[in-house]
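S.K.:
There are 2 protein chains.
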Amino acid sequence: MGILVSLTKVERRMNLHDYMAQLRQEIDQYLILLIKTSTDAPVLNEAMLYSVENGGKRIRPVLLLMMLEAFGIDHKNGMVAACALEMIHTYSLIHDDLPAMDNDDLRRGKPTNHKVYGEAVAILAGDGLLTDAFLALVEDDNLSADIRVKLVRALSMLAGSSTGMIAGQVLDIDAEKNPVELNTLKRIHHLKTGRLIEFACLAAGMIAKQNDEIMASLSEYAHHLGLAFQIQDDILDIEGDTDKIGKPVGSDVANNKSTYVSLLGLVGAKEMLASEIEAALAVLVKLPADTKLLKQLTLYVANRDS
Amino acid sequence: MGILVSLTKVERRMNLHDYMAQLRQEIDQYLILLIKTSTDAPVLNEAMLYSVENGGKRIRPVLLLMMLEAFGIDHKNGMVAACALEMIHTYSLIHDDLPAMDNDDLRRGKPTNHKVYGEAVAILAGDGLLTDAFLALVEDDNLSADIRVKLVRALSMLAGSSTGMIAGQVLDIDAEKNPVELNTLKRIHHLKTGRLIEFACLAAGMIAKQNDEIMASLSEYAHHLGLAFQIQDDILDIEGDTDKIGKPVGSDVANNKSTYVSLLGLVGAKEMLASEIEAALAVLVKLPADTKLLKQLTLYVANRDS
């Protein structure tokens, strides 16, 4: 048995993409279990599932599960937290796509939630995913009450209004109307993208009962990875393939949106990406964890084509 | 000291309205503390505070605190849960008022959130209150981790998508387009209004560590009180005073909305109200608690003019 497990681990290390695909499959299956059926409002369920099933790379939950494995804990212990995180991410996309916000018709190549179900149901589907994410977290009987409280606290703070994702959304709306400087752009992405990536890392640290110093390192790693993720997004808007990224290439330019590319140029943005990836890897090296796979994941973020 | 406390209790019993006013004042002050400031997105804070401060009767948090006192527990122990409940209620009103939903311009006589801050910020202010309500609950260090987990579980389930408030909102949207039968109307209000009233009662029971049998009675009481609350709302739409109820009298009739009055007539609705209040009082009597004030509160719900 021990040999089998070791072999599996070696195999995983040999192929990040296969391992990611395997985790994604587990996440997809578990997510569907967590979206509860409602005999009262089946259309609401359907709308919630529609967006959850139109999943992308599942970077956030995959990161959480890989970080947990890096600390030597079976990733199954983080499955609920990983799915709750993805539910929060999905709700934020549904609300972000609404006519009053980004007014997007397509998300990952498919009609956005409100295009299929109407605005009212889309707003409520977002509210439902947000609310049910916390329900999932506290119903995870595998974890102690103390850890569940910590997870709810971290997720609600990092996704919340004060210094969390929602604050980032508000800043982002402003930034779409007015050009912003580099520091503001970094702050927006720290909040809007980085905070949920931070939850992925911190949740793993909480479940693996890591100390404050390591938790601080996890936040630092997430900060750099989040920025790298966003810079690569901006680069893909210039150099990407419309079919792969699921939205028209050049839409940021068309919308006059401030991006790392518009502020630094393509070469400057690539330099900043390299520097953020380097900083992220430097934090990883210091962690008392088996971070080989995470190193590959970090590099993948910088080189992905979608 | 004992005498002073007793005197205060007697005084409270003598005047429900003064006691409610005192609790409301405490709730209002505490709510403002819980809406965290955000240096990143001050307009979001402002929008959240705007709707929270345009508070109504605070029936839900007052009920929670009174129920707690009935079980002999200082109401201060329920203040955070009471405020979290009011934050959830307030978020639901902000989203409910949106153009895609009820499209209301006025709420309690003041412009609705999106009329002041625009739709995008209003959606995010709702998301913020919803998320921060859970943050408040888990940050309540006065309660054990076990009780906090129970509270988050109850609030997310009762406000959630499966058999909670959000399912009721979806049903309500359908009902505005098509006339519904009495049983459907009752189901809508059980979910949309009753569920948060149920949280008020259950949260008090959880904090006061009541057994399953009593928790079931609390749900039953809340069910009847919630229906009574809604029936009186419908009656006020016919017999109320526009200035007092904060919206035009007769708006349900104008919108062809199915109500207890449209389905049962004014006399029939009043009979049903009396019967729900009677059923609620019958449950109260069985509770091992000092329910004199709650009896007055129950009667007040049936007789309020706003």
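So the protein sequences, as listed, match chains H and L.
Okay, so the first sequence: first residue is 890 according to the working numbering, each after it adds one.
Okay, so the second sequence: first residue is 890 according to the working numbering, each after it adds one.
Glycine included, every Cβ here is placed at the ideal spot set by N, Cα and C.
Quick caveat: nothing in here was measured; it's all calculated off a predicted structure.
Going by beta-carbon coordinates alone, are GLN1185 of chain L and LEU905 of chain L separated by less than 8 Å?
M.R.: Cβ distance < 8 Å, so GLN1185 of chain L and LEU905 of chain L count as in contact.
S.K.: With DSSP as the reference, identify every bridge partner of LYS999 of chain L, one or two as the case may be.
M.R.: In the DSSP output, where bridge partners are listed per residue, LYS999 of chain L has L:ARG996.
S.K.: Is it right to say ASP1126 of chain L is buried, meaning 16 or more other beta carbons lie within 10 angstroms of its own, or is it exposed?
M.R.: ASP1126 of chain L should be labelled buried.
S.K.: Can you pull the chain L neighbours of ASP1035 of chain H, defined as C-beta to C-beta under 8 Å?
M.R.: Those within 8 Å of ASP1035 of chain H in chain L are ALA1034.
S.K.: Short of 7 Å in beta carbon distance, which residues of its chain neighbour ASN1031 of chain H, apart from the five on each side in sequence? Order them along the chain.
M.R.: Excluding positions up to five away in sequence, the list reads ASN966.
S.K.: Helix, strand or coil for ALA1064 of chain L, going by three-state DSSP, please let me know.
M.R.: Here ALA1064 of chain L sits in helix by DSSP.
S.K.: How big is the Cα-Cα spacing for LEU1080 of chain H and ALA1158 of chain L?
M.R.: Those two C-alpha atoms are separated by around 50 Å.
S.K.: Where does VAL894 of chain L sit, in a helix, a strand or coil, going by DSSP?
M.R.: Residue placement at VAL894 of chain L cannot be trusted, given a pLDDT of 42 that sits under 50; what the coordinates show is reported in the next sentence. In this structure, VAL894 of chain L counts as helix in the three-state DSSP scheme.
S.K.: Quick one: which residues of the segment 1041-1061 of chain H get their C-beta closer than 9 Å to a C-beta of chain L? List them in chain order.
M.R.: So the list reads VAL1041, ARG1042, LEU1044, SER1045, MET1046, ALA1048, GLY1049, SER1050, SER1051, THR1052, GLY1053, MET1054, ILE1055, ALA1056, GLY1057, GLN1058, VAL1059 and LEU1060, given in the order they occur along the chain.
S.K.: Going by alpha carbons, who is nearest to LEU1162 of chain L out of L:GLU1109, L:ALA936, L:PHE1118 and L:ASP986?
M.R.: Here the closest residue by C-alpha is L:PHE1118.
S.K.: Excluding sequence positions up to five away, which residues of its chain have a Cβ less than 7 Å from the Cβ of LEU933 of chain H?
M.R.: Closer than 7 Å at the Cβ level, and outside the excluded window around LEU933 of chain H, lie SER927, VAL1010, LEU1013, ALA1014 and GLY1017.
S.K.: Could you give the distance in angstroms between the alpha-carbon of VAL1027 of chain L and the alpha-carbon of ARG1037 of chain L?
M.R.: If you take the alpha carbons of VAL1027 of chain L and ARG1037 of chain L, they lie about 6 Å apart.
S.K.: Could you have a look at ASP1126 of chain H and say whether DSSP puts it in helix, strand or coil?
M.R.: Looking at ASP1126 of chain H - three-state DSSP - the assignment turns out to be helix.
S.K.: Could you spell out where the alpha helix (DSSP H) holding LEU1021 of chain H opens and where it closes?
M.R.: Looking at the sequence shown, residue 1021 of chain H is not Leu but Asp. ASP1021 of chain H -> alpha helix (DSSP H) spans 1008-1027.
S.K.: Since I believe LEU1044 of chain H is in contact with ILE977 of chain H (beta carbons under 8 Å), could you give me their beta-carbon distance rounded to a whole number of angstroms?
M.R.: Between LEU1044 of chain H and ILE977 of chain H the Cβ distance is about 7 Å, and since that is below 8 Å, they are a contact.
S.K.: Pick out whichever of H:ILE924, H:MET955 and H:ILE1134 has its Cα sitting closest to the Cα of GLN911 of chain H.
M.R.: Comparing Cα positions, the closest option is H:MET955.
S.K.: If I measure Cβ to Cβ from ASP917 of chain H and keep anything under 8 Å in the same chain, skipping five residues before and after, which residues do I get?
M.R.: Within the same chain, ASP917 of chain H has close Cβ partners GLU942, GLY944 and ARG947.
S.K.: Whole angstroms is fine: what's the gap from GLY1049 of chain L's alpha carbon to LEU1107 of chain L's?
M.R.: When rounded, the distance between both Cα atoms is 19 Å.
S.K.: Give me the Cβ distance between ASP1194 of chain H and LYS1133 of chain H, rounded to the nearest whole Å; I'm assuming they're in contact under 8 Å.
M.R.: Confirmed, about 5 Å.
S.K.: Hey, does SER895 of chain H have any beta-carbon neighbour from chain L nearer than 8 Å?
M.R.: Summary for SER895 of chain H: the model assigns pLDDT 42, below 50, so the residue's position carries little reliability; its value from the coordinates is reported in the next sentence. Cβ-Cβ to chain L under 8 Å: no for SER895 of chain H.
S.K.: Pull out every residue of the segment 1006-1027 of chain L whose Cβ sits closer than 9 Å to any Cβ of chain H, in chain order.
M.R.: Cβ contacts with chain H: GLY1007, GLU1008, ALA1009, VAL1010, ALA1011, ILE1012, LEU1013, ALA1014, GLY1015, ASP1016, GLY1017, LEU1018, LEU1019, THR1020, ASP1021, ALA1022, PHE1023, LEU1024, ALA1025, LEU1026 and VAL1027.
S.K.: Since MET1104 of chain L and LEU1091 of chain L should fall inside the 8 Å C-beta cutoff, what is the C-beta to C-beta distance between them, to a whole number of angstroms?
M.R.: Indeed, because the Cβ distance is near 6 Å, the residues count as touching under 8 Å.
S.K.: Buried or exposed: which applies to GLN1099 of chain H, given that a residue is buried once 16 or more other Cβ atoms fall within 10 Å of its Cβ?
M.R.: Buried, because 16 or more other Cβ atoms sit within 10 Å of the Cβ of GLN1099 of chain H.
S.K.: Residues of the segment 904-929 of chain H with a CB closer than 9 Å to any CB of chain L: list them in chain order, please.
M.R.: Against chain L - using a Cβ distance shorter than 9 Å - the residues of the segment 904-929 of chain H are ILE924, LYS925, THR926, SER927, THR928 and ASP929.
S.K.: For THR1148 of chain H, which three-state DSSP category applies?
M.R.: Note: THR1148 of chain H maps to coil in three-state DSSP.
S.K.: If we define contact as Cβ-Cβ less than 8 Å, is HIS984 of chain L a contact residue for chain H?
M.R.: Yes, contact with chain H.
S.K.: Kindly list, in the order they appear in chain L, the residues whose Cβ is closer than 7 Å to that of LEU1074 of chain H.
M.R.: In chain order: nothing, as chain L lies at least about 13 Å away.
S.K.: Alpha carbon to alpha carbon, how far is ILE1077 of chain L from ALA1056 of chain H?
M.R.: Each residue's Cα considered, the two are about 33 Å apart.
S.K.: I'd like to know whether the C-beta atoms of TYR1110 of chain H and ALA1022 of chain H end up nearer to each other than 8 Å.
M.R.: Going by C-beta atoms, TYR1110 of chain H is not nearer than 8 Å to ALA1022 of chain H.
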